[in-house]
Structure formats: structure tokens, C-alpha cells
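Colleague: One structure, as C-alpha cells, below. Some questions next.
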Amino acid sequence: MVVFLLLVFGVVDLGRGVYAYNTITHCAREGVRYAVVHGSGSAAPVGPAANDATLANWVSRYAVGLQASSLTVTSSWPDGNVAGSNASVHVTVRYAFQPVTAFFRTLSLSNHSAGVILR
């Protein structure tokens with residue numbers, strides 16, 4: 000019975016881990032999309048500029064089912080802090096995944112996405 004329960008909880012943890020990884024992948028893509036549309040020096044009417052705080056707030060909307068306190072969003076503009084044409088942006092989303100079963104340690108899931116402003 001104990002082995003069966005460990006197997007069941009292990010499968011549940013595997014499913015939760017795949018869901019968390021898929022979600023942070025989607026979050027990274029949405030973060031880049033926001034950054035490409037708004038740029039690092041954006042002003043109204045487009046909305047707030049894409050900095051780490053704004054991106055973290057935007058990305059947290061897509062992190063359904065994940066603990067916001069375990070989610071970290073960072074952005075970088077390799078071409079400098081510009082919002083002009085052909086400027087690239089990189090967004091990295093990290094999540095500390097805590098399995099239900101006590102035998103497994105916390106896993107650090109990470110995904111990276113990049114985009115270019117084309118205007």
C-alpha cells in the first residue's frame with residue numbers, strides 16, 4: 000500500500016512539474032511579447048515601460064496555479080536600454096517548484112525567451 004501511494008504521489012508530482020514548466024514557458028513568451036510591444040522607454044498611450052517590475056506584474060497574470068512568491072522574472076536589453084527598431088529583449092522566468100512528496104527536493108525550473116522590436 001505504501002509503495003502504491005508513493006507511486007501515485009510521484010505521478011501527481013510529475014504532472015504538477017510538467018504543468019509548472021509549461022506555464023513558465025508561456026509566461027516567458029508573454030513577457031517578451033509585452034516587452035517587444037511596450038519597449039524599455041515606452042510612454043502613454045502604449046502603457047508602462049517594460050522593466051523588471053512591470054514585466055513581473057504582467058507575467059504573474061499568466062502564472063495561474065503557481066505560487067507568486069516562488070516566481071522570479073528578469074529582463075535584459077542586450078543592445079542597451081533602448082526601445083528602438085531592431086532592439087532585442089531577453090526575459091527569463093524562474094520558478095521554485097516544491098513537490099508534494101517529501102522525498103524530492105525543491106526544483107528550480109527556468110525558461111528563457113527572446114524577441115526583437117520590429118518597427
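Residue 28 in numbering that gives the first Met the number 0 sits at position 29 of the sequence shown, with consecutive numbering throughout.
Built from N, CA and C at the ideal position, the CB exists for glycine as well.
Since we're looking at a predicted model, the values are computed, not measured.
Inspect the CB distances between the region 51-60 and the region 100-116 and report whether three or more fall short of 8 Å.
Modeller: Not touching, per the Cβ criterion.
Colleague: Do Ile23 and Val90 have their C-beta atoms closer together than 7 Å?
Modeller: no
Colleague: Who does Thr73 pair with in a DSSP beta bridge?
Modeller: Thr91
Colleague: Quickly, what does DSSP pair Ser107 with across the bridge? List them, please.
Modeller: Ala95
Colleague: Thinking C-beta only, is Tyr33 closer than 7 Å to Ala49?
Modeller: yes
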